[in-house]
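Structure first, then comments.
Protein chains: 2
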Amino acid sequence: MYHEEVANMLKLLGDKTRLMIISILNETDCCVCELVDILQMSQPAISQHLRKLKDNGLVKETKKAQWVFYSLNKQHEFYALVQSIFSHLPDQKEHIHRLEEKGIRIHCK
Amino acid sequence: MYHEEVANMLKLLGDKTRLMIISILNETDCCVCELVDILQMSQPAISQHLRKLKDNGLVKETKKAQWVFYSLNKQHEFYALVQSIFSHLPDQKEHIHRLEEKGIRIHCK
DNA sequence: TTTTTACATAAGTATATACTTATATAATGA
DNA sequence: TCATTATATAAGTATATACTTATGTAAAAA
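So the protein lines, in turn, are chains E and A.
Under the UniProt record's numbering, the final residue of the first sequence carries the number 109; numbering is consecutive throughout.
Under the UniProt record's numbering, the final residue of the second sequence carries the number 109; numbering is consecutive throughout.
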């Protein structure tokens, strides 16, 4: 049933840490250590949330050198739904700017 | 933090039974026994979901004779967010029509 | 080659959640 | 008045969830 799939998607987004992760990835791709720095949570906690998001297909990962970069999967069935939720949330640019200013943003070709 | 409030709202909607209840109430006000009939679940289960929705302010209740009618609270802070989620879901008119046809729709002034 | 950094994962734990069954209440109807 | 109907709620239970700590792995750096 369609409602069940949507309910599962909302449950996935219905956690403040995951909602923040997705909001940040909506600004720019990030590696795990950047998310750990922004969200001030343990690395395993962040990794476990990322795994849930990845298992659901909402995010993709790309290995680059020692880092794993996560990004939103724009091909996801519910990407439009997720974007309409974001339209009701403030953007998260400040977190990215703060990383840049602190000089700890990971840039990788 | 705003993200936390939105996450809590999404968690509330992130249950297929509650999402269905809200979708149905988006069509028309209903009393508990109609929701029990539509959703084919036990009355206490439905009542408990309704309580969660009411505690959060998403629905309102009105007593009429022996029935308690529930309706969406259009004044809710996140009503617009909820509506944008509905725009990604099929409508639930068929359930209401079925009740009418079966002659078990509760009409009350 | 050894250490460090970045990340994943396993195991354990505390809490939350969604039901069930049983029971209480209040309005209606016989 | 007594039975029925509509609803709420309490208590119990099974499962899910979100962390923690500990540990493993792979790449980079020293």
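Yeah, the Cβ is synthetic: ideal placement off N, Cα and C, and Gly gets one too.
- Cβ proximity to chain E below 9 angstroms picks out nothing from the segment 57-74 of chain A.
- Per DSSP, reduced to three states, the secondary structure at residue 94/E is helical.
- In the three-state reduction of the DSSP assignment, residue 28/A falls in the coil class.
- Between residue 32/A and residue 21/A, the beta carbon gap of about 10 angstroms keeps them out of contact (Cβ cut-off 8 angstroms).
- Residue pairing by DSSP places residue 60/A opposite 71/A in a beta bridge.
- Contact between residue 19/A and residue 7/E holds, since their C-beta atoms are separated by about 5 angstroms, short of 8 angstroms.
- With its beta carbon less than 8 angstroms from one in chain E, residue 20/A belongs to the interface.
- Residue contact check for residue 7/E against chain A: a CB pair falls below 8 angstroms.
- Of all residues in the segment 38-55 of chain A, none comes within less than 9 angstroms of chain E when Cβ atoms are compared.
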